[in-house]
Amino acid sequence: MQFSPPTPNSVGRTSGGILQTASAFPSPPRHRLLLLRRRRPRARALLSSPPRISPYASYRHHAYPPHPPPPPAYVGAYYDHAAEPLPPRDELRTLFIAGLPGDAKAREVYNLFRDFPGYVSSHLRTSGKSSQAYAFAVFADQPSALAAMSATNGRIFDLENNCTLHVDLAKSNSRSKRSRTDDVPYTNFEPAAFSKDPSAFAPQNNPPCPTLFVANLGPTCSEQELIDVFSSCAGFIKVKMQNKFGAPVAFVDFKDMDSSTEAINRLQGVILYSSTGEGMRLEYAKSRMGLRKQDKRQ
DNA sequence: AGCACA
1 MQFSPPTPNS VGRTSGGILQ TASAFPSPPR HRLLLLRRRR PRARALLSSP PRISPYASYR
61 HHAYPPHPPP PPAYVGAYYD HAAEPLPPRD ELRTLFIAGL PGDAKAREVY NLFRDFPGYV
121 SSHLRTSGKS SQAYAFAVFA DQPSALAAMS ATNGRIFDLE NNCTLHVDLA KSNSRSKRSR
181 TDDVPYTNFE PAAFSKDPSA FAPQNNPPCP TLFVANLGPT CSEQELIDVF SSCAGFIKVK
241 MQNKFGAPVA FVDFKDMDSS TEAINRLQGV ILYSSTGEGM RLEYAKSRMG LRKQDKRQ
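Quick note: the first sequence uses the UniProt record's numbering, first residue 1, plus one each step.
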């Protein structure tokens, strides 16, 4: 799934209905999806078999689409390749991002990745005539890059243009912070706060629950806005918002823990229209919504 | 940084 080589049709799972945009900058385009998320636990599992790609391959392969529709054997070959000894130096830690609209802004790419642990910089490349753009995001190490990759690959970046992100390890690390000569517009976005409190990314403690607890919502967040976002998740049942006192929080119920886990991984840190600053924080709730004592469903 | 409703 996450490691299926990106093809235009492999990401249809994310159905419509998500309407989110950034509030980190003034007057964001309303039609633009901007998804900021924190490290997802599943990324851990990737570390045992990180995909390897020859660091000596050329950037030229990155003319969109980044990868031709692969034959069925591609995935196997892809992983088999990891068995080959590669130079340990210069570990791949740069992501290649395709599927961006031609009018994508460097700031949008930056916002997409800036909250992931280990984010270092991102570089957008647009060719004035093309309707497609691509970008690179540099991370401190490969695990960080893989975590960000699995969290952003397949995401719908732009609802209007039906832009779906294809994120993969780049063929080689970005060599320099400087623009290369063939660049058109090029912007290098450093993280706003590179050494963020690491505890901000610590996993939350509650045991998995089909209901999610949603915090860090903006004061104007509505239940409908949350429905718009969460209803795109498989197994979604309902949202219950609480904004009587202080900061609003919400509870989102799913049919099972697989669904809530999928949602927590997909929507962690997403910035809503109503968000101020950081995106929403998702945790498993402490108890299931509407669960009566005699009801033994989990 | 906050976990209610039945």
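Yeah, the Cβ is synthetic: ideal placement off N, Cα and C, and Gly gets one too. Since the structure is predicted, the reported quantities are computational estimates derived from the model, not experimental observations.
TODO: Starting from the C-beta of P65, find all residues in its chain whose C-beta is less than 6 Å away, skip the five residues before and the five after it, and write them out in chain order.
DONE: Residue confidence for P65 is low, a pLDDT of 35 falling below 50, so the modelled location carries little weight and cannot support an answer.
- [ ] Round the Cβ separation of F116 and S144 to the nearest angstrom and send it over; I've been treating them as touching at under 8 Å.
- [x] 7 Å
Task: P248, buried or exposed, once every other Cβ within 10 Å from all chains shown has been counted against 16 - done: buried
- [ ] Would you check if the distance between the CB atom of residue 311 and the CB atom of N216 is smaller than 8 Å?
- [x] The structure shown has nothing for residue 311, since the chain only spans 1 to 298.
Open item on the list: Using DSSP's beta-bridge definition, name the partner residues of V120.
Closed with: Per DSSP, none; premise fails for V120.
- [ ] Rank L92, A263, E91, F251 by C-alpha distance to the C-alpha of V214 and give the top, closest one.
- [x] F251
Task: Alpha-carbon to alpha-carbon, T220 and S287 - done: 26 Å
Task: Top-ranked residue by Cα proximity to G102, from R155, G218, C163 - done: C163
Task: alpha helix (DSSP H) segment containing I227, residue limits - done: 223-230
TODO: Thinking P210 and K255 are a contact (beta carbons under 8 Å), I'd like their distance in whole angstroms, please.
DONE: 7 Å
Open item on the list: Using only CA atoms, which one of D258, G99, R175, D228 lies nearest to L92?
Closed with: R175
Task: Cβ separation of L212 and A263, assumed to be a contact under 8 Å, to the nearest whole Å - done: 6 Å
Task: N-terminal and C-terminal residue of the beta strand (DSSP E) that T94 is part of - done: 94-101
TODO: For the alpha helix (DSSP H) holding R107, just list the boundary residues, first then last.
DONE: 106-113
TODO: Taking I271 and L165 to be in contact with their CB atoms under 8 Å, please state how far apart those CB atoms are, rounded to whole angstroms.
DONE: Contact flag wrong, Cβ pair sits at about 16 Å.
Task: Anticipated Cβ contact below 8 Å, S259 with C233, distance rounded - done: 7 Å
TODO: Report yes if the CB atom of residue 299 is closer than 8 Å to the CB atom of F139, and no otherwise.
DONE: Only positions 1 to 298 of the chain appear in this structure, which leaves residue 299 out of reach.
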